[in-house]
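At position 198 of the sequence shown (counting the first as 1) the number is 198 in full-length UniProt numbering, and the numbers step up by one without a gap.
Where a beta carbon is used, it is the ideal one built from N, C-alpha and C, also for glycine.
Just so it is clear, the structure is predicted and the values come from calculations on it, not from any experiment.
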Amino acid sequence: MGAKLILDHVNKSFGDTNTLNDISFEVKAGEFVAVVGPSGSGKSTFLSIAGALLTPSSGRVLVGGEDLSYLSEKERHRIRLEKIGFIFQTSNLIPYLTVRDQLLLIAELSGEQTAGEKKADELLEQLGLSHRTGHYPEKLSGGERQRVAIARAWMNDPDILLADEPTASLDLKRGRDVVEMIADGVKRRNKAAIMVTHDERMLDVCDRIVRIEDGKIR
């Protein structure tokens, strides 16, 4: 299994503050990695750099074998659309789109609208949402909204999936359901995934746990 995500001696500074210090890290296909650490330790910056939302001050980032170091913002946008799936702390669903249309928007942005309809229906069925396809986010439970977010993240068949505190607004059972669905998708699709979390009750679902403190991997 080749590495889907590589951070190679990555540093990130904001002014005089060093947020990440010499981070070297990789995630292989089929691997689900939890990233933990105290607030302010650099976890969010780490995830933003892995997701091509921020550029490192130095070092290299490779996603699906493509080096992001010298890409323009337009090219980085393409990488985010084609190779990265995101799941956020809150589901970030668009309030005026139905469940199915949340997924079809990704297909449209990717230029694969025709094939996207079948894929959307398959994903919603896999995640137990077939009976909710015409509902709007306000009619869904918190767990259902996060499941829609998972389905949306898989729509572009990304090389890597990045989840930022995906269980933060959920109770234990619904949170665990969400994390197990992510893990299942990672294995079934042979993708790489990182989950930043404070919820240590979910760590046994992951293949590996990485701790960040003071901008360094411990």
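Coarse secondary structure for residue i, derived from DSSP in three states
i: GLY142; result: helix
i: ALA193; result: strand
i: GLY116; result: helix
i: LEU127; result: coil
i: HIS9; result: strand
i: ASP22; result: strand
i: GLU180; result: helix
i: ARG208; result: strand
i: THR45; result: helix
i: ALA50; result: helix
i: ALA168; result: coil
i: GLY59; result: strand
i: ALA153; result: helix
i: GLU200; result: helix
Beta-carbon contacts of residue i that lie in its chain and below 7 Å, excluding the five residues immediately before and after
i: VAL186; result: GLY30, PHE32, LEU161 and ALA193
i: ASN21; result: ASN11, GLY215 and LYS216
i: ARG174; result: GLY142 and GLY143
i: GLU66; result: ILE79
i: ARG132; result: VAL99, LEU140 and GLU144
i: MET202; result: THR167, GLY175, ARG176 and VAL179
i: SER57; result: ASN11, LYS12 and SER13
Whole-angstrom C-beta distance between residue j and residue i, which should lie under 8 Å
i: THR45; j: THR19; result: 5 Å
i: PRO137; j: LEU109; result: The Cβ separation is near 19 Å, so there is no contact.
i: ILE209; j: ALA52; result: Actually they do not touch by this definition, with Cβ atoms about 24 Å apart.
i: THR90; j: SER13; result: The pair is not a contact, with the Cβ atoms about 29 Å apart (cut-off 8 Å).
i: ASP81; j: ASN156; result: In the sequence as displayed, the identity of residue 81 is Leu instead of Asp. Contact holds; Cβ gap of about 6 Å.
i: LYS28; j: ASP159; result: Contact doesn't hold; Cβ gap of about 11 Å is too wide.
i: ILE6; j: GLU26; result: 5 Å
i: GLU213; j: GLY85; result: Incorrect: roughly 27 Å between the Cβ atoms, too far for contact.
Beta-carbon proximity list for residue i, same chain, < 8 Å, skipping 5 on both sides
i: GLU117; result: LEU104 and ALA107
i: PRO95; result: TYR136, PRO137 and GLU138
i: GLY128; result: ARG147
Cβ shell of residue i (< 6 Å), same chain only, five flanking positions each side left out
i: HIS9; result: ASP22, SER24 and GLY59
i: SER130; result: LEU124
i: LYS83; result: VAL63, GLY64, PRO158 and ASP159
i: ASP199; result: THR167
query: Okay, do the stretch 121-130 and the stretch 146-153 touch, 3+ Cβ pairs below 8 Å being the bar?
result: yes
field: Complete runs of the alpha helix (DSSP H) confined to the stretch 67-124 [at least 4 residues]
entry: Along the stretch 67-124, the alpha helix (DSSP H) occurs as fully enclosed runs of 4 or more residues at 73-83 and 99-109, listed in sequence order.
task: Tell me, please, whether the stretch 32-42 touches the stretch 53-72 by the rule of three or more beta-carbon pairs shorter than 8 Å.
output: no
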